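Residue numbers (my numbering): -13 to 381. In this text, a Cβ means the ideal position worked out from N, Cα and C, and glycines have one as well. In this text, all values refer to a predicted model and were calculated from it rather than measured experimentally.
Structure below.
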């Protein structure tokens, strides 16, 4: 089936957080990480069949749900997941919070690589732990003026993990907002550092299917028995298939004792139930919607190329991150002379476009950046970029 990602879907008045949070209907939202595309038709069909049943009581997750996840990761990523390793819950952020609760005690440290997804900070601090930052290192992309990328600073990671109270490391793979899809050798070295310091890796792999051409997502736990035994993986089709509102995710861990601790935390946090539509969506996504996903990635890749051309021609004073994965672009705005928060406010109030301030993702490492969401029809993205350009160029 051929999908039309150029179609504009009116989301106003649907209770949509991304759009209905805007101060007025003339604002283009390029902020929160959900997509403005209709989901794959098999997902819609599966939910409609469940709606027609007419009874929506407490949900028992069937074995075919687990089969769909296992078969997907085996087929698409060569990772063999055992049924007993899997635990479901309402979302990746609740899963992270439950894992931190289960695996630490107040006062412990949890390591992150900044700039990084803002909810990592709240999941850590809400459980009484301290954030320990191992900042990524920014580097230019050779032969591509105005484009930069990031690499892991292993010395910084070693320092952060060497603290006595460092217990967990939250890995973002692919990385939000840096756009990196980590290579095997990077992940192996990361695990060696963590394991040598007694630090367990918690892999947030929610963006795992959003990978641009020429790059490969590698599940952290699939790399080796060492990585598998030292990790807990959180995943969901919610980002990749645009089903975040259906609130279903999975925790994958091969160690039974660890699973028991996490299960206790899941129940303590009352996040042990999922809704029937989320269950149907997961199965339809993994069993029937692979063609939609492949077309989506091609379309996002096209959006990114269009953004690069526009920035080069209309805003050459800015530089942007290399997009290997996700649909989120990290933009260096230091040439404007404004802080991230100042420019974000100006873009909203003057330009009528909403973006994320970089400081959300780290007070120090995020300053001087904004984050843009490209997961929308190309014409909508281009209008948003034109509005940003007018503000940047004082037109």
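What does a CB cutoff of less than 7 Å around residue i pick up in its chain, not counting 5 residues either side in sequence?
i: residue 163; result: 101, 314, 316, 347, 357
i: residue 212; result: 177, 181
i: residue 118; result: 95, 96, 97, 146, 149, 152
i: residue 369; result: 14
i: residue 233; result: 76, 77, 260, 261, 264
i: residue 302; result: 132
i: residue 363; result: -9, -8, -7, -6, 22
Would you say residue i and residue j are within 8 Å of each other, going by their C-beta atoms?
i: residue 227; j: residue 25; result: yes
i: residue 104; j: residue 148; result: no
i: residue 287; j: residue 326; result: no
i: residue 85; j: residue 238; result: no
i: residue 217; j: residue 235; result: no
i: residue 306; j: residue 132; result: yes
i: residue 241; j: residue 220; result: no
i: residue 312; j: residue 378; result: no
i: residue -13; j: residue 284; result: no
i: residue 125; j: residue 170; result: no
i: residue 251; j: residue 87; result: yes
i: residue 308; j: residue 114; result: no
i: residue 65; j: residue 207; result: yes
i: residue 173; j: residue 209; result: yes
i: residue 123; j: residue 136; result: yes
Is residue i helix, strand or coil by DSSP?
i: residue 115; result: coil
i: residue 289; result: helix
i: residue 67; result: coil
i: residue 56; result: helix
i: residue 309; result: coil
i: residue 355; result: strand
i: residue 238; result: strand
i: residue 48; result: coil
i: residue 360; result: coil
i: residue -11; result: coil
i: residue -3; result: coil
i: residue 9; result: coil
i: residue 256; result: coil
i: residue 105; result: helix
i: residue 294; result: helix
i: residue 100; result: coil
i: residue 303; result: coil
i: residue 120; result: coil
i: residue 110; result: helix
i: residue 21; result: coil
Who are the Cβ neighbours of residue i in its own chain at under 6 Å, not counting the five residues just before and after it?
i: residue 179; result: 143, 144, 147
i: residue 106; result: 98, 156
i: residue 352; result: 101, 344, 345
Any C-beta of chain D sitting closer than 8 Å to the C-beta of residue i?
i: residue 103; result: Although the question refers to chain D, the structure presented lacks it and comprises just one protein chain.
Look up residue i in the DSSP assignment and give the residues it is bridged to.
i: residue 229; result: Answer is none; residue 229 lacks a bridge partner.
i: residue 384; result: The chain is shown from -13 up to 381; residue 384 falls before or after that span and cannot be answered.
i: residue 152; result: 95
i: residue 200; result: Bridge partners of residue 200: none, in fact.
i: residue 340; result: 15
Along the chain, where does the beta strand (DSSP E) that runs through residue i open and close?
i: residue 125; result: 123 to 126
i: residue 316; result: 314 to 318
i: residue 73; result: 72 to 75
i: residue 334; result: Run containing residue 334: none in the beta strand (DSSP E); it sits in the alpha helix (DSSP H), 326 to 335.
Name the two residues that bound the continuous alpha helix (DSSP H) containing residue i.
i: residue 377; result: 364 to 378
i: residue 37; result: 27 to 39
i: residue 137; result: It is not in any alpha helix (DSSP H) - residue 137 instead sits in the beta strand (DSSP E) that spans 133 to 137.
i: residue 175; result: 170 to 182
i: residue 273; result: 262 to 274
i: residue 167; result: Premise fails: residue 167 is in no alpha helix (DSSP H) and is neither H nor E.
i: residue 146; result: 140 to 147
i: residue 89; result: 78 to 89
Below 8 Å CB to CB, which residues in the same chain sit around residue i once its five sequence neighbours on both sides are set aside?
i: residue 17; result: 4, 340, 341, 342, 357, 359
i: residue 93; result: 114, 115, 116, 151
i: residue 269; result: 32, 50, 51, 54
Consider the C-beta atom of residue i and the heavy atoms of the ligand FAD; say whether any pair is separated by less than 7 Å.
i: residue 73; result: By its list of ligands, the structure shown contains no ligand whatsoever, and the ligand FAD lies outside what it can speak to.
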